[in-house]
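If you count the sequence shown from 1, position 4 lands on 4 in the numbering used here, and the numbers rise without skipping.
Here's the structure, in structure tokens; my notes come after.
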Amino acid sequence: MSNIPPIIHKTRTQLVVEALRERILSGDIQGGEPLRQSAIAEQLNVSRIPVREALVQLEAEGLINFEPHKGATATLLSVEQVTELFQLRAMIESDLLAKAIPNLSDKDLVEAEAVLVQLELAFKLKESVASWSELNTRFHTRLYQAANRPHTMEVVNGLNTNCDRYIRLQLLFTGGIPIAEREHRVLLELCKNRDIEKATTLLREHILHASASITKLVEQKIKS
């Protein structure tokens, strides 16, 4: 009985947040596109209150902007934002990993590998695109948690939320999947071998390589 997961009851606001987040991250809602509360409420068959609450949460995640006389719009793709977010991730996550590696238990490594297997399976299915970024984050988080830096982890989670759509774009449109798969496997082995220097160097390069690929893609989308 202990292995049965608890039933999670989601509020209407949570359901609206998830629906809109998915549409923004998948590109179904384009950057700059207005988000009309009445239209969203009608589409999702809810009142305006959960829609308004959901938009506030999505603004905190960096996925929408509230502009005077214009209302809510999906955030535009930004080269500057990509550069800042991924440079922050490279600095903070490599430091977290360095602190985590000496504390990683066999259980931590087994759990990280189990998530990695799920991610590798999801990469093979285009219909699983929605789970890619979440599983990617879970894999990395499983390695970082042994650092015992909960406040730093909160910062990393916020950065990952804002990077989510950029990561999906990279994996879908830049041929990033084989590279990600290979680097994840090597990173896990380096963690198993407790090789802090090589693991942190690879992680930094992994994040900054993604940033370079996404920057090129965003530049192309802005020009088109």
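The beta-carbon is built from N, C-alpha and C at its ideal position, and this holds for glycine as well.
Among the options, nearest to residue i - alpha-carbon criterion
i, options, result
"I179", "E189, N45, E205", "E205"
"K10", "G31, A54, L25", "A54"
"I49", "P102, T13, L190, I101", "T13"
"H57", "E18, I29, E80", "The question names His, but residue 57 is Gln in the sequence shown. Considering only alpha carbons, the answer is E18."
"A100", "F86, Q118, Y144", "Y144"
"K192", "H184, A122, L104", "L104"
"I29", "H184, L63, L208, L125", "L63"
"A72", "T161, E42, Q81, G32", "G32"
"E219", "L125, L159, T83, L97", "T83"
Status (buried if at least 16 other CB within 10 Å, exposed otherwise) for residue i
i, result
"F66", "exposed"
"A114", "exposed"
"G175", "exposed"
"T201", "exposed"
"V16", "buried"
"S225", "This structure cannot speak to residue 225, because the chain is shown only from 1 to 224."
Per DSSP, the bridge partner or partners of residue i
i, result
"N65", "T73"
Spatial distance of residue i from residue j (CA atoms)
i, j, result
"D106", "R142", "12 Å"
"E111", "L188", "11 Å"
"R194", "H140", "16 Å"
"P5", "Q37", "Confidence is the limiting factor: at P5 the pLDDT is only 46, short of 50, which leaves the residue's position unreliable, though a coordinate-based value still follows. For P5 and Q37, the distance between alpha carbons rounds to 34 Å."
"T137", "R168", "12 Å"
"T152", "L88", "12 Å"
"L119", "T215", "24 Å"
"A147", "K70", "44 Å"
"A212", "E42", "40 Å"
"E80", "L125", "31 Å"
My parser needs the beta strand (DSSP E) runs of 3 or more residues fully inside the region 27-66; what are they?
The qualifying runs do not exist here; there are none.
In chain order, which alpha helix (DSSP H) runs of at least 4 residues are fully inside the region 128-181?
Secondary structure in the region 128-181: the alpha helix (DSSP H) runs of 4 residues or longer, each lying completely within the stretch, are 129-144, 150-173 in chain order.
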